[in-house]
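Engineer: Protein chains in written order, with the numbering used here: chain E, 424 to 576; chain C, 424 to 576.
One structure is given below, represented as structure tokens, and several questions about it will come after.
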DNA sequence: TCACATTTAATTGTTCGCAATTGAATATGC
DNA sequence: GCATATTCAATTGCGAACAATTAAATGTGA
């Protein structure tokens with residue numbers, strides 16, 4: 424009996440890889456964000472760091488890393504660039520000298536207002552309802568968390 | 424009347440960003456793939472290139488780029504590393520001297536057999552049924568394609 | 001107290017990812 | 001045929017991303 428082609432039949436085909444779907448979607452997001460973030464003078468990872476800090480600043484590098492799943496090898500130079508752009512200040516904690524606390528400058532706080540235009544542009548570009556996007560986001564986050572759970576083992 | 428918090432209420436919250444869900448899921452995949460691909464001597468982007476070539480080789484760099492949404496600035500050095508690893512051969516086309524054709528070596532072809540173990544490990548790590556993953560993949564690809572459509576405008 | 005482990009950032013080296021430019025080959029219009 | 005435009009890969013420069021190591025500060029146990 425002839426069988427239809429399915430993902431399970433051809434596990435090495437590029438178009439059957441969910442990882443590639445995610446990988447290429449991440450790049451697509453990056454390209455959509457680029458012109459929007461250029462106006463703010465931010466790269467996409469820098470924007471993520473700013474999102475974290477706009478929720479709460481004066482936090483150690485480690486906290487930002489846990490939130491974004493990034494380590495100091497990525498964050499240290501990135502934060503130095505944000506400091507060079509006068510958006511954050513890096514100060515070593517007096518309670519625990521190992522920690523470097525990241526605080527927003529006035530400019531860093533102010534940039535939040537300019538950033539408010541970004542999410543609506545992305546929503547428009549995704550050409551999708553908010554509820555659909557929320558549902559997808561929740562599914563993807565659940566998958567990510569299952570993958571991250573495996574890594575710790 | 425008090426309202427519930429929703430994504431629409433707080434468009435700049437990190438946890439409301441679908442882009443971050445995708446971005447962090449891509450990194451999670453990368454980390455799960457790492458130990459599997461180390462055994463093949465490949466990085467994740469190199470693995471994607473090999474997936475393309477295992478479907479059809481002797482193709483110009485441009486074709487690989489269109490398939491993976493990558494440009495020559497990324498692919499040229501990556502392909503040189505694959506060549507240094509004796510997995511591909513790079514030869515300038517005789518019909519069109521501008522093109523560089525990428526062909527698999529015997530080793531490159533042979534590696535496909537070792538790679539067959541990879542997808543099943545990923546499936547296990549994702550802790551999810553094939554049909555669920557296929558449905559998610561299709562949704563993410565559709566979103567990616569809508570985003571990519573906006574970029575061309 | 002003192003040796004030892006742990007925590008935290010920073011550093012180094014390798015690999016992506018992309019914008020911008022270059023240079024060669026090919027296609028097009030007149 | 002010839003000037004011009006387009007295509008394609010390569011290059012350069014910058015910003016991530018991460019593994020591995022280093023160094024300093026802190027915590028822990030004998």
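Glycine included, every Cβ here is placed at the ideal spot set by N, Cα and C.
So what does residue 625(C) bridge to, in DSSP terms?
Structural biologist: Coverage of chain C is limited to positions 424 through 576, which leaves residue 625(C) absent and any answer about it impossible.
Engineer: Applying the criterion that 16 or more other CB atoms from any shown protein chain within 10 Å of the CB defines a buried residue, is residue 457(E) buried or exposed?
Structural biologist: Counting from 1 along the first chain, the entry for residue 457(E) is found at position 34. Exposed is the call here.
Engineer: Are the region 529 to 542 of chain C and the region 472 to 487 of chain C in contact at 8 angstroms, needing three or more beta carbon pairs?
Structural biologist: Because the criterion of three Cβ pairs below 8 angstroms is met, the region 529 to 542 of chain C and the region 472 to 487 of chain C touch.
Engineer: Is there contact between the region 556 to 570 of chain E and the region 537 to 549 of chain C, where contact requires at least three CB pairs shorter than 8 angstroms?
Structural biologist: Result yes; three or more Cβ-Cβ pairs closer than 8 angstroms.
Engineer: Strictly below 7 angstroms CB to CB, what residues from chain C border residue 447(E)?
Structural biologist: By 1-based counting over the first chain, the position of residue 447(E) is 24. Simply 492, 567.
Engineer: Tell me the residue span of the alpha helix (DSSP H) that contains residue 531(C).
Structural biologist: By 1-based counting over the second chain, the position of residue 531(C) is 108. Where residue 531(C) is concerned, the enclosing alpha helix (DSSP H) stretches over 529 to 538.
Engineer: Taking buried to mean at least 16 other C-beta atoms within 10 Å of its own C-beta, is residue 504(E) buried or exposed?
Structural biologist: Numbered from 1 along the first chain, position 81 holds the residue referred to as residue 504(E). Counting Cβ neighbours within 10 Å, residue 504(E) comes out exposed, since fewer than 16 surround it.
Engineer: Just to make sure I have the definition right: I need the residues of chain E whose C-beta is within less than 7 angstroms of the C-beta of residue 564(C). Which are they?
Structural biologist: Here residue 564(C) is taken as the residue at index 141 of the second chain, counted from 1. The contacting residues are 444.
Engineer: If contact means a Cβ-Cβ distance below 9 angstroms, which residues of the region 531 to 551 of chain E contact chain C?
Structural biologist: 535, 538, 539, 541, 542, 543, 545, 546, 547, 548, 549, 550, 551
Engineer: When you compare the CB positions of residue 502(C) and residue 530(C), do they come within less than 7 angstroms of one another, or not?
Structural biologist: Residue 502(C) sits at position 79 when you count from the first residue of the second chain. Residue 530(C) sits at position 107 when you count from the first residue of the second chain. No, these two residues do not count as a Cβ contact at 7 angstroms.
Engineer: Of the residues 573(E), 485(E), 473(E), which one's Cα is nearest the Cα of residue 521(E)?
Structural biologist: In the first chain, the residue the question calls residue 521(E) occupies position 98. Nearest option by C-alpha distance: 485(E).
Engineer: Establish whether the CB of residue 434(E) and some CB of chain C are separated by less than 7 angstroms.
Structural biologist: Numbered from 1 along the first chain, position 11 holds the residue referred to as residue 434(E). Cβ-Cβ to chain C under 7 angstroms: yes for residue 434(E).
Engineer: Any beta carbon of chain C sitting closer than 7 angstroms to that of residue 498(E)?
Structural biologist: Numbered from its first residue, the first chain carries residue 498(E) at position 75. No, residue 498(E) lies away from the interface with chain C (no Cβ there is under 7 angstroms from its Cβ).
Engineer: For residue 579(C), which residues in chain E fall below 7 angstroms Cβ to Cβ?
Structural biologist: An answer regarding residue 579(C) cannot be provided, because it is not within the stretch 424 to 576 covered by chain C.
Engineer: List, in order along the chain, the chain E residues whose C-beta lies closer than 7 angstroms to that of residue 450(C)?
Structural biologist: Counted from its first residue, the second chain places residue 450(C) at position 27. 492, listed in chain order.
Engineer: Determine which residues of the region 470 to 485 of chain E have a Cβ less than 8 angstroms from any Cβ of chain C, and write them out in chain order.
Structural biologist: 471, 474, 475, 477, 478
Engineer: Please list, in chain order, all residues of the same chain as residue 453(E) whose beta carbon is under 7 angstroms from its beta carbon, the five residues on each side excluded.
Structural biologist: Along the first chain, read from residue 1 onward, the residue named residue 453(E) stands at position 30. These residues qualify, in order along the chain: 467.
Engineer: Within a Cβ cutoff of 7 angstroms, which residues of the same chain sit near residue 490(C), ignoring the five residues on either side of it in sequence?
Structural biologist: Counting from one through the second chain, the residue named residue 490(C) turns up at place 67. Only residues of its own chain outside the window of five on either side were considered, and among them 475 have a CB closer than 7 angstroms to the CB of residue 490(C), listed in chain order.
Engineer: Based on Cα-Cα distance, which residue from 455(E), 462(E), 433(E), 449(E) lies nearest to residue 538(E)?
Structural biologist: Taking the first chain and counting its residues from 1, the one referred to as residue 538(E) is at position 115. Comparing Cα positions, the closest option is 462(E).
Engineer: Could you pull out every unbroken alpha helix (DSSP H) segment of at least 4 residues lying fully inside the region 477 to 503 of chain C, listed in chain order?
Structural biologist: 484 to 491
Engineer: Just how far apart, CA to CA, sit residue 554(E) and residue 494(E)?
Structural biologist: Translated into the one-based positions of the first chain, residue 554(E) becomes position 131. Translated into the one-based positions of the first chain, residue 494(E) becomes position 71. Straight-line Cα distance between these residues: approximately 32 angstroms.
Engineer: Buried or exposed: which applies to residue 563(E), given that a residue is buried once 16 or more other Cβ atoms fall within 10 Å of its Cβ?
Structural biologist: Here residue 563(E) refers to the residue found at position 140 of the first chain. Per the 10 Å Cβ criterion, buried.
Engineer: Mind reading off the beta-carbon distance from residue 515(E) to residue 506(E)? Whole number of angstroms is fine, and I expect it under 8 angstroms.
Structural biologist: What you label residue 515(E) is simply residue 92 of the first chain in a count that begins at 1. What you label residue 506(E) is simply residue 83 of the first chain in a count that begins at 1. Not a contact, Cβ separation roughly 13 angstroms.
Engineer: For residue 448(C) and residue 445(E), I'd like the C-alpha separation in whole angstroms.
Structural biologist: Counting from 1 along the second chain, the entry for residue 448(C) is found at position 25. Counting from 1 along the first chain, the entry for residue 445(E) is found at position 22. If you take the alpha carbons of residue 448(C) and residue 445(E), they lie about 7 angstroms apart.
Engineer: Helix, strand or coil for residue 542(E)? Go by DSSP, reduced to three states.
Structural biologist: The count along the first chain starts at 1 and reaches residue 542(E) at position 119. Reduced to three states, the DSSP call for residue 542(E) is helix.
Engineer: Rounded to whole angstroms, what is the Cα-Cα separation between residue 435(E) and residue 500(C)?
Structural biologist: If you number the first chain from 1, residue 435(E) lands on position 12. If you number the second chain from 1, residue 500(C) lands on position 77. Going by the C-alpha atoms only, they are around 24 angstroms apart.
Engineer: Got a sec: is the Cβ-Cβ distance from residue 574(C) to anything in chain E below 7 angstroms?
Structural biologist: Counting from one through the second chain, the residue named residue 574(C) turns up at place 151. Output row for residue 574(C): interface = yes.
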